[in-house]
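First the structure, in the form of structure tokens, and then the observations on it.
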Amino acid sequence: MTAGSDALLALYHDFLSGRMAHATLLIGEAGIGKKTLAGLLAQGLLCTGSGDRPCGQCRDCRRFAARTHPDALFPAPAPREKTIKIDALREMIDTLSRHALEGGRRVVVIENAERMTPQAQNCLLKTLEEAQEDTYFLLTADIETALLPTIRSRCRVIRMQPWSQERIAELLRGRGIPAERVHALALYCEGSPGLALQMQEDESYWAARDTVRRSFLSVESAADLPGAAQVLRDQKDAGSRLLNILEQEIRALLHEKLAGAPLEGEEAPSRWRTAPPESLLNILTAIMDARRQKNANVGWAALSEGLLQTISEEASKWQV
Ligand SMILES: [Zn+2]
């Protein structure tokens, strides 16, 4: 078990036993589940239902979920702004200076706390130092070092680890996502369940994957080049995405070769599984080149055909 999940278990234990720290900072990659966890903890702190908290049924849970609970505060950037300014913190402090509206606990959830300006962070620091017993702060951040060390030292810091592929696959299957997508999502979401769910709902992502299959990955010899080029012809706007997906596929194949761990399910066409690592590396280099050319405004038709050419030269060396 990783240190991260031990810390998570300890956090959960303290939550259940009513010994939550007054300030908790959840750190980890985007999409890993920090906001979901912060939301569950905050809701659990406010929940007045019986049994497991949060119950999801009581008046407090329902109001929290609707973001209308008077004792749940969410300092956030003002509309059309990217940073959380000091005004948002002052408003929060003003609310905290009054009694809890419902007379019980209060929670402050600051998502992406690294968006706070330095002034806002200093303002928060004072609040953390003077906070009352019944007030709980839950912060999330992708980048730990973007927060003042003085804030971090006031918080219980929980570093959330990427999820395993098996755990993500389990979550996705539980949501009724088709098996043929579960494998690809678990493989490419980089341990982030949030990203996996986002990718699942993004139909343009699946269309782009299909395009990559019918073009780059369909090339076995020079005879396949015109057809593949035809598929790519009107895909200029999706160019970056297609290159990214192709790179993911090749990296997964390379990983399979080098780690000797066969991937479950059929990802790349079977002929690609016979490609030696050197060949896959050559194709990765060609993808990087294509990306550089794209940034240098080389036309999509020319660069995609160059890449197809490299793939066909490599593929002609593979043993079937
Ligand atoms: Zn409840």
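Here my numbering is used: the first residue of the sequence shown is 923, the next is one more, and so on. Yeah, the Cβ is synthetic: ideal placement off N, Cα and C, and Gly gets one too. From a predicted model like this one, the values you see are computed outputs, not experimental measurements.
Is the closest heavy atom of ligand 1 to the C-beta of residue i under 8 Å?
i	result
residue 982	yes
residue 978	yes
residue 970	yes
residue 965	yes
residue 975	yes
Kindly indicate which three-state DSSP category residue i falls into: helix, strand or coil?
i	result
residue 937	helix
residue 1168	helix
residue 970	coil
residue 1081	strand
residue 917	Since the first residue shown for the chain is 923 and the last is 1242, residue 917 is missing from the structure and cannot be characterised.
residue 1039	coil
residue 1206	helix
residue 931	helix
residue 1220	coil
residue 1230	helix
residue 1053	coil
residue 1145	helix
residue 1160	helix
residue 1063	strand
residue 1034	coil
residue 1112	coil
residue 1125	helix
residue 924	Note on residue 924: pLDDT 39, under 50, position unreliable in the model; the coordinate value appears next. Looking at residue 924 - three-state DSSP - the assignment turns out to be coil, as it is neither helix nor strand.
residue 1098	coil
residue 1048	helix
residue 1198	coil
residue 1069	coil
residue 1214	helix
residue 1241	coil
residue 942	coil
residue 1092	helix
residue 1155	coil
residue 1235	helix
residue 1178	helix
residue 1192	helix
Starting from residue i, follow its DSSP beta bridges and name the residues at the other end.
i	result
residue 1136	In DSSP, residue 1136 forms no bridge with anything.
residue 1058	1029
Return yes when at least one heavy atom of ligand 3 lies under 8 Å from the C-beta of residue i, else no.
i	result
residue 1027	Absence of ligand 3 is noted for the structure shown, with ligand 1 being the only ligands found.
Which runs of the alpha helix (DSSP H) fall wholly inside the stretch 946-1021 and span at least 4 residues, in chain order?
956-968, 981-987 and 1008-1018
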